[in-house]
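Here's the structure we're looking at; comments come further down.
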Amino acid sequence: MLENVKMTVSDKEQEIQKQYADKVREYVTNSGCEKTFYSLAMGCQMNAHDSEKITGMMLRMGYKETNDETKADFIIYNTCCVRENAEEKVFGKIGTLKHIKKTKPDTIIALCGCMMQEDTVIQKLKQSYRHVDIIFGTFNLHKLPQLLYTRIKTGKPVIDIWDKHGPIVEDTSYKREFKYKASVNVMYGCNNFCTYCIVPYVRGRERSREKEDILNEIRMLANDGVKEITLLGQNVNSYGKTLETPVTFAELLREVDKIDGIERIRFMTSHPKDLSDDLIYAMRDCKKVCNYLHLPFQSGSNRILEKMNRRYTKEKYLSLIYKIKKEIPDIMISTDIIVGFPQETEEDFLDTLDVVKKVGFSTAFTFIYSKRTGTPAAVMDGQIDEATAHERFNRLLEVLNKTIEKVHEAQVGKTLDVLVEKVSRQGEGIVTGRSTDNTLVHFKGNAELIGQTVPVKITENKVFYLLGERI
Ligand code: 5AD
Ligand code: SF4
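First residue of the sequence shown: 1, per this note's numbering; consecutive thereafter.
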């Protein structure tokens, strides 16, 4: 019963937005000239996927995509607020848009994404960035057609921020960045409240999509030629817990594994506290699930982990890693690490280095702690000075780079199946792809190989990528 109500709300909202999209399309057609849009995604994969949805909506409304921001009729930035420097970058970029607006006053400028969920940001935009036309947040992305239509009709700024999520609006008509790989949301939001993280405040509480909606979307993608799927969520390991008929993430993986046409399944992000044995077995048993796991540990110090509210210890994290490696011996593991969290001592930091040395990560995303107003860590005593944080960060990179080099060295001589993604930036004649363990591999080849999985013998280790020869 509840499900029916939810579906009805979602369908109704989708219908309303379709009507607005038609009206904008009519406006574009009647304008007699081509209208273009420029879209920029900042931040994580979740934002990148939301921007694919934005692109889908813009194309439906009759706009054509352009890479030239200065000529676009509509400019949209999908913002990230996870660290302060990301926010500064956004304000810098919005500032430069003032010139575009001066020379082309009809340009419509829109901002959306995580940063827009912060009151302080909205106040600042209202006061000092009046050239922005449309502002919306993370909970009402689907309303873009209505907001754009309102802006066109009234000529006035439109600000629409929701402070919490509504029903999940199912819409799968996004425009993929890649032909052969796609991201699929399995859940939205986060309930963990790690004390440094702003995500739960700007993306709301955890909610999962219905299993059948996810599977149908993946079947549709498979029919469209997609071979690799990345299941996305802030904390995928707790997928399905809030559904009326609960489903585990392991069960979902086993179902996705059965879909014809899909060759590879990836997922992110996992939280160590929720990673079940059942999931490890599903990863081991499902042929299509890649030999790769992104498992952030953030800090190796139990004292700091507790202050971060991570709800696991260094020992628990390491035993989890050993368990995973025992079941899936050739797995590659990547992670997220923060240095300079409040009160972090040299000893705490050495514990972080110890985890790096013990696990042998193939990649790591490393961050200097950034104070986010509104989070508990922002008001903790013992904030670390910049010089100390930088010094630790550089030492961390040194240890990590050696580890990564060693892990990749072991790949030399092996033959890896590489799904070719694109022609390499290094130039014509070289293509780039990934092995199932997510290692980046460059080898000689042409654009015709894009979308194919080919065996490549690894010849050289370049630390962050490998060179190879197709066999
Ligand atoms: N400062 C630094 N890094 C952060 N992250 C999240 N919040 C912060 C912050 N305030 C990092 C975490 C997380 C990744 C997505 O971003 O490592 O896993
Ligand atoms: Fe942030 Fe922690 Fe949730 Fe990840 S799990 S989004 S770090 S609160």
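We treat Cβ as the ideally placed atom computed from N, Cα and C, and that holds for glycine.
Keep in mind the model is a prediction, meaning the values are calculated, not measured.
Check                                                                                                                                                 : Outcome
Only counting the same chain, and skipping five residues up and downstream in sequence, which positions put a Cβ closer than 8 Å to that of V5?       : Only weak support is given to the placement of V5: the predicted model assigns it a pLDDT of 39, under 50, and the value that follows is read from those uncertain coordinates. Cβ neighbours of V5 beyond the five flanking positions: none.
How far does the alpha helix (DSSP H) with I152 in it extend, from its first residue to its last?                                                     : 144 to 154
Which same chain residues, not among the five before or five after V236, have their C-beta less than 8 Å away from its C-beta?                        : V186, M187, F249, F267, M268, T269, S270
Grab me the residues of P455's own chain with a C-beta within less than 8 Å of its C-beta, minus the 5 sequence neighbours each way, in chain order.  : T415, L416, D417, V418, R470, I471
Give, in chain order, every unbroken run of the alpha helix (DSSP H) that is at least 4 residues long and sits entirely within the region 224 to 281. : 249 to 256
For T415, which of helix, strand or coil comes out of DSSP?                                                                                           : strand
For Q298 and R25, I'd like the C-alpha separation in whole angstroms.                                                                                 : 46 Å
Any heavy atom of ligand 1 closer than 7 Å to the CB of V456?                                                                                         : no
To the nearest angstrom, how far is the alpha carbon of F178 from that of D278?                                                                       : 31 Å
Following the continuous alpha helix (DSSP H) through K462, name the residue where it begins and the one where it ends.                               : Looking at the DSSP string, K462 is not in any alpha helix (DSSP H), and its letter there is neither H nor E.
For a test of the three-state rule: what should DSSP assign to N4, helix, strand or coil?                                                             : The predicted position of N4 is uncertain, since its pLDDT is 39 and thus under 50; no value can be drawn from it.
Please return the same chain residues whose Cβ sits closer than 8 Å to the Cβ of F393, not counting the five positions on each side in sequence.      : V339, G340, T366, I368
Alpha carbons only, please: which of Y20, M380, K143, K181 is nearest the one belonging to G62?                                                       : Y20
Which whole runs of the beta strand (DSSP E) in the region 156 to 185 are 3 residues long or more, in chain order?                                    : 158 to 160, 181 to 185
Do you know how far the Cα of K211 is from the Cα of M7?                                                                                              : Caution applies to M7, whose pLDDT of 45 falls short of 50 and renders its modelled position unreliable; the model cannot decide the point.
Tell me whether S334 is buried or exposed, calling it buried when 16 or more other Cβ atoms sit within 10 Å of its Cβ.                                : buried
Please state if the CB of N78 and the CB of D50 are separated by a distance shorter than 8 Å.                                                         : yes
Please report the straight-line C-alpha distance between C197 and E398, rounded to a whole angstrom.                                                  : 26 Å
Cβ of R83 versus every heavy atom of ligand 1: is any distance shorter than 7 Å?                                                                      : yes
Quick check on DSSP: helix, strand or coil for N291?                                                                                                  : coil
Could you round the C-beta distance between V202 and C112 to whole angstroms and report it? I think they count as a contact, below 8 Å.               : In fact, because the Cβ distance is near 12 Å, the residues do not count as touching under 8 Å.
Just checking F367 against ligand 1 - is the residue's beta carbon closer than 7 Å to any of the ligand's heavy atoms?                                : yes
Is there at least one Cβ from chain B nearer than 8 Å to F249's Cβ?                                                                                   : This model lacks chain B altogether, as it is built from one protein chain only.
What number of angstroms, rounded off, separates the C-alpha of T375 from the C-alpha of Y322?                                                        : 33 Å
With burial defined as no fewer than 16 other Cβ atoms inside 10 Å of the residue's Cβ, what is the status of K307: buried or exposed?                : buried
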